[in-house]
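Yeah, the sequence shown ends on 435 if you go by the numbering used here, and it's all consecutive.
Accompanying notes for the structure given below.
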Amino acid sequence: MTQCDAKQLHGAIIRAHAPDLPRSSLRHLKSEKYVLACPKQWQLSTTSASIQILNGRPFIHYPKQVQPKLHEAIEQVFTDVQAQMNVVQEVKTKSTTLSLVAAGLGAAIVPQSMRSKYHQQVDFIEIEEHLPSVDYYLYSADWQAHCGLDALYGVLCNTP
276 MTQCDAKQLH GAIIRAHAPD LPRSSLRHLK SEKYVLACPK QWQLSTTSAS IQILNGRPFI
336 HYPKQVQPKL HEAIEQVFTD VQAQMNVVQE VKTKSTTLSL VAAGLGAAIV PQSMRSKYHQ
396 QVDFIEIEEH LPSVDYYLYS ADWQAHCGLD ALYGVLCNTP
């Protein structure tokens, strides 16, 4: 986004929860749900579960400064179901997070699209409680700067 604002790029795909950006700079691309990623070693045989299943278990979170509102929403769900969050590691990237889950360090909450890459190493479980969606946007500081931005948005909207 910094490069877009500095006019080095015309647009960028971003993932954000309740972004603090002017709506005029954003075009919504898609939304997806969060799921639990659990180590295979836990041998959980359920397809959906309450966050309560993580009560006291090792949990891999991400740093609060990455997306403060989403971080707070996840913590609130733990509070609502009276589950003790046992954060053993904070990680910024989903690939590192899932590598740690696969290694058995703990569970994590990740976008459901991560299932396709890690389904053999990690068990994915639907979350019964409501969490905010993962929202993807095409961001541009100036939608008039390049005539192809609207066409790019159209292509991205029609890509699964």
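Cβ coordinates follow ideal geometry from the N, Cα and C atoms, glycine included.
Nothing here was measured: the structure is a model prediction, and the numbers come from that model.
The C-beta separation of M389 from A312 comes to about 7 Å, placing the pair in contact by the 8 Å criterion. Taken in chain order, the complete beta strand (DSSP E) segments of 3 residues or longer contained in the region 331–382 are 333–336, 361–365. DSSP, reduced to helix, strand and coil, places C279 within a helical segment of the structure shown. Taken through DSSP and simplified to helix, strand or coil, D295 comes out as coil. Setting aside the 5 residues that flank it on each side, V376 is surrounded in the same chain by A312, P314, A383, V397, each with a C-beta closer than 6 Å to its C-beta; the list follows chain order. K339 has its alpha-carbon roughly 24 Å from the corresponding atom of H303.
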